[in-house]
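Before any comments, here is the structure.
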Amino acid sequence: MDPVHASIAPEVPGEKTKVGTSLVDTAAATIQSFGPTKQIHQHLCAFHFYADDMTRQVEAHHYCGHVNEDMRQCLIYDRPDADARLIGLEYIVTEELFLTLPDTEKPMWHSHEYEVKSGVLFLPGVPGPVERKDLEKVAKTYGKTIHFWQVDKGDELPLGLPQVMMALTRDGQLYPNLAKDVESRYGVSFEKERANRAYMEGPTHGIHPKANAAGVGLKTVLREIECKPSGHPESVPRIFV
Amino acid sequence: MEPLHASVPGEKTKITTSLVDTASAAIQTFGPPNKIHQHLCVFHMYADDMTRQVEAHHYCCNVNEDMRQCLIYDRPEPDARLIGVEYIVTEDLFLTLPDSEKPLWHSHEYEVKSGVLFMPGVPGPVERQDLDKMAKTYGKAIHFWQVDKGDELPLGLPHVMMALTRDGQLYPNLARDMENRYGVTFEKEKMNRANMEGLAHGVHPKANAAGIGLKTVLREIECKPSGISSLEPVPRAPI
Chain F
2 MDPVHASIAP
12 EVPGEKTKVG
22 TSLVDTAAAT
32 IQSFGPTKQI
42 HQHLCAFHFY
52 ADDMTRQVEA
62 HHYCGHVNED
72 MRQCLIYDRP
82 DADARLIGLE
92 YIVTEELFLT
102 LPDTEKPMWH
112 SHEYEVKSGV
122 LFLPGVPGPV
132 ERKDLEKVAK
142 TYGKTIHFWQ
152 VDKGDELPLG
162 LPQVMMALTR
172 DGQLYPNLAK
182 DVESRYGVSF
192 EKERANRAYM
202 EGPTHGIHPK
212 ANAAGVGLKT
222 VLREIECKPS
232 GHPESVPRIF
242 V
Chain U
7 MEPLHASVPG
17 EKTKITTSLV
27 DTASAAIQTF
37 GPPNKIHQHL
47 CVFHMYADDM
57 TRQVEAHHYC
67 CNVNEDMRQC
77 LIYDRPEPDA
87 RLIGVEYIVT
97 EDLFLTLPDS
107 EKPLWHSHEY
117 EVKSGVLFMP
127 GVPGPVERQD
137 LDKMAKTYGK
147 AIHFWQVDKG
157 DELPLGLPHV
167 MMALTRDGQL
177 YPNLARDMEN
187 RYGVTFEKEK
197 MNRANMEGLA
207 HGVHPKANAA
217 GIGLKTVLRE
227 IECKPSGISS
237 LEPVPRAPI
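Heads up: the protein sequence lines correspond to chains F and U, in order. Counting the first sequence from 1 gives a position; our numbering is that position plus 1. Counting the second sequence from 1 gives a position; our numbering is that position plus 6.
Structure, rendered in structure tokens:
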């Protein structure tokens, strides 16, 4: 079965946004400021797959901003259009920061070296030389990606639990039809970029053996437990009204 | 407890990095995040622990009339940490969800009518036009960065979050701190919003986790390989 392409995405159910709603939105937007989201300065395209299932590969449009020199936070949408669905997010840290993580945490993070050096990860529209200045750094980083909307299953709404995602780590993992579809749409050639990026280096200490889930599958599941009450003097349980 | 404003470890962003960022920003377009048109402030609690209450700054946009998607930051500043996301749907859409899905969603009626949920800086009459609708919606909130524990980086699994559903849950000191910082009065807003209707069918019994605790855990399993027949099967192992 061919994986679903982002280009054939089902619509979110519901009415088209009414003019009245847009007017209230616009009114709010002129008064409020959006400091955190204005930090977004970069659009990156890459693929993720589910940490328990490599057959499910998803095109991921990252919109990233620097928190500081060592860390970025990215929103992930299913396509680069205004009506895109927010399907996940990713945190990206330098090797130094990654190495400070507890060993129990490291498996949830993936390396970026292969994605960058293979040419598959790119910045749409940005000329090669500018793009490569940044990708040189990205090649040495690690990312933690979580998706919450399983658009590849055709879900019309964000159902189920958030899932840890992984990234490509070697040739032979990415479905050729997904690769060709992205190359056509963006007019890029992964092979050509691979040649241009041959000089780049990955993490100084090599890819950490605990990263990339250390090669096992990871799946988020839900456990029902006693909910700890707020311990407020007039303690009130969290039940529906 | 005052919200912790710990810095993320690492160097301050270099000028050269900012220049490359600016160059990309000048060339690229950011359609999806540019659609964000609204800042909402409210509190979330962990679905397994009501003692952990987190101030949540939502930056939302309408996907369509029935659905919004929101980014959640720990404060409304440029250096804020992205700590979660929330999807908001109308009652009609919520009712189409499978019963197994409904517990992951929370109602907004109480948060809106109590005055605790507000849009910083927006005049009451404009704010209330939108909150009138919000009171009839459900949300699914997930947090990834446990800033309330003082985590300097986003550690651990994503957590399902819940919202306030009745008086007596929110810690008074958190409420007062918010009221002071934004110059709002929840009691006053509660009166202004007294005429708002909530959900047409009432709060669904399966929403708000049906009152039990929900905790996400990670299970290690066999990873299904990509199975491309024309390619040699290649495991996803570190190089």
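Idealized CB from N, CA, C, for every residue including glycine. This one's a predicted model, so the numbers in the text were calculated from it and none came from an experiment.
According to DSSP, residues forming a beta bridge with residue i
i	result
His63(U)	Cys47(U) and Tyr79(U)
Gln58(F)	Phe50(F)
Leu87(F)	Tyr78(F)
Ser119(F)	None, per the DSSP bridge assignment.
Glu226(U)	Leu219(F)
Trp143(U)	Position check: residue 143(U) holds Thr in this sequence, whereas Trp was assumed. Per DSSP, Thr96(U).
Leu88(U)	Tyr79(U)
Met125(U)	DSSP lists no partner for Met125(U).
Glu184(F)	Paired residues: none, contrary to the question.
Arg224(F)	Lys221(U)
Lys229(F)	Asp55(U)
Lys74(U)	First, the residue type needs correcting, since residue 74(U) is Arg and not Lys in the sequence shown. Paired residues: Asn68(U) and Ile94(U).
Val25(F)	Beta-bridge pairing links Val25(F) to no other residue.
Ile33(U)	Paired residue(s): none; Ile33(U) is not in a bridge.
Tyr143(F)	Val94(F) and Ser112(F)
Ser6(U)	There is simply no residue 6(U) to check, as chain U begins at 7 and stops at 245 in what is shown.
Own chain, CB closer than 8 Å to residue i, minus 5 neighbours either side, in chain order
i	result
Glu226(U)	none
Ala86(U)	His63, Tyr79 and Asp80
Glu185(U)	Thr191 and Phe192
Ile100(F)	Residue identity differs from the one stated: residue 100(F) is Leu in this sequence, not Ile. These residues qualify, in order along the chain: His206 and His209.
Buried versus exposed, by CB contacts within 10 Å (16 or more), residue i
i	result
Asn213(F)	buried
Pro108(F)	buried
Leu170(U)	buried
His207(U)	exposed
Val139(F)	buried
Thr191(U)	exposed
Lys108(U)	buried
Thr22(U)	exposed
Val26(U)	buried
Val48(U)	buried
Lys20(U)	exposed
Lys212(U)	buried
Pro82(U)	buried
Ser13(U)	exposed
Leu90(F)	buried
Arg57(F)	buried
Arg73(F)	buried
Leu24(F)	exposed
Gly173(F)	exposed
Pro204(F)	buried
Ser112(F)	buried
Option nearest residue i by Cα separation, candidates the options
i	options	result
Leu122(F)	Asp54(F), Thr18(F) and Val183(F)	Val183(F)
Lys19(F)	Asn68(U), Thr23(U) and Pro39(U)	Asn68(U)
Asp53(F)	Ser231(F), His111(F), Leu219(F) and Ile41(F)	Leu219(F)
Leu110(U)	His165(U), Met73(U) and Val118(U)	His165(U)
Val117(F)	Thr142(F), Phe99(F) and Thr105(F)	Thr142(F)
Ile226(F)	Glu228(U), Ala215(U), Ser232(U) and Cys229(U)	Ala215(U)
Ile147(F)	Leu161(U), Tyr144(U), Lys155(U) and Asp157(U)	Leu161(U)
Met167(F)	Gly155(F), Arg186(F) and Ile93(F)	Ile93(F)
His44(F)	Asp55(U), Cys229(U), Pro39(U) and Tyr52(U)	Pro39(U)
Lys154(F)	Val25(F), Tyr51(F) and Ser34(F)	Tyr51(F)
Ser113(U)	Tyr144(U), Phe124(U) and Leu103(U)	Tyr144(U)
Ala222(U)	Val128(U), Gln135(U), Ala53(U) and Glu17(U)	Note that residue 222(U) is Thr in the sequence shown here, rather than Ala. The shortest C-alpha separation from Thr222(U) is found at Ala53(U).
Val59(F)	Arg198(F), Lys17(F), Val165(F) and Val68(F)	Val165(F)
Thr96(U)	Ser106(U), Thr28(U) and Asp72(U)	Asp72(U)
Gly209(U)	Asn179(U), Leu101(U) and Leu220(U)	Correcting the residue type first, residue 209(U) is Val in the shown sequence and not Gly. Selected option, being the one with the closest Cα: Leu101(U).
Ala31(U)	Arg224(F), Leu124(F), His62(F) and Ser231(F)	Leu124(F)
Chain-order list of residues whose beta-carbon lies under 6 Å from that of residue i (same chain, five-residue window excluded)
i	result
Pro204(U)	Reading the sequence as shown, one finds Gly at residue 204(U) and not Pro. Hits under 6 Å: Glu115 and Ala141.
Tyr93(U)	Gln75 and Lys146
Pro14(F)	Glu157
Ser120(U)	Lys196
Own chain residues within Cβ distance below 7 Å of residue i, not counting five before or after
i	result
Ile89(U)	Ile78, Tyr79, Asp80, His149, Phe150, Trp151 and Val153
Lys41(U)	Cys67
Val118(U)	Leu137, Met140, Ala141, Arg199 and Met202
Phe191(F)	Ser119, Gly120, Val121, Ala180 and Glu184
Gln175(U)	Met56
Residue i CB to nearest heavy atom of the ligand SAH below 7 Å
i	result
Met197(U)	Looking at this structure, you won't find the ligand SAH or any other ligand, since it has none at all.
Residues, ordered as in the chain, of the stretch 63 to 76 of chain F that lie near chain U by beta-carbon distance below 7 Å
Tyr64, His67, Val68, Asn69, Glu70, Asp71, Met72, Gln74 and Leu76
May I ask you to list, following chain order, the residues of the stretch 199 to 215 of chain U that have a beta carbon less than 9 Å from some beta carbon of chain F?
Gly204, Gly208, Val209, His210, Pro211, Lys212, Ala213, Asn214 and Ala215
Mind checking the stretch 200 to 227 of chain F against chain U and listing, in chain order, the residues whose C-beta falls within less than 9 Å of any C-beta there?
Gly203, Gly207, Ile208, His209, Pro210, Lys211, Ala212, Asn213, Ala214, Ala215, Gly216, Val217, Gly218, Leu219, Lys220, Thr221, Val222, Leu223, Arg224, Glu225, Ile226 and Glu227
Could you name the residues of the stretch 115 to 148 of chain U whose beta carbon sits closer than 7 Å to any beta carbon of chain F, in the order they occur along the chain?
Tyr116, Met125, Pro126, Gly127, Val128, Val132, Gln135, Asp136, Lys146 and Ile148
The stretch 85 to 98 of chain F: positions lying closer than 9 Å to chain U by Cβ:
Ala85, Arg86, Leu87, Gly89, Leu90, Tyr92, Val94, Thr95, Glu97 and Leu98
In the stretch 45 to 70 of chain U, which residues sit with their C-beta less than 8 Å from some C-beta in chain F, listed in chain order?
His45, Met51, Ala53, Asp54, Asp55, Met56, Thr57, Gln59, His63, Tyr65, Cys67, Asn68, Val69 and Asn70
Output, in sequence order along the chain, the residues in the stretch 23 to 42 of chain F whose CB is closer than 8 Å to any CB in chain U.
Ser23, Val25, Asp26, Thr27, Ala28, Ala29, Ala30, Ile32, Gln33, Ser34, Phe35, Gly36, Pro37, Thr38, Lys39, Gln40, Ile41 and His42
Got a sec: which bits of the stretch 138 to 157 of chain F sit with their beta carbon under 7 Å from any beta carbon on chain U, in order along the chain?
Lys145, Ile147 and Phe149
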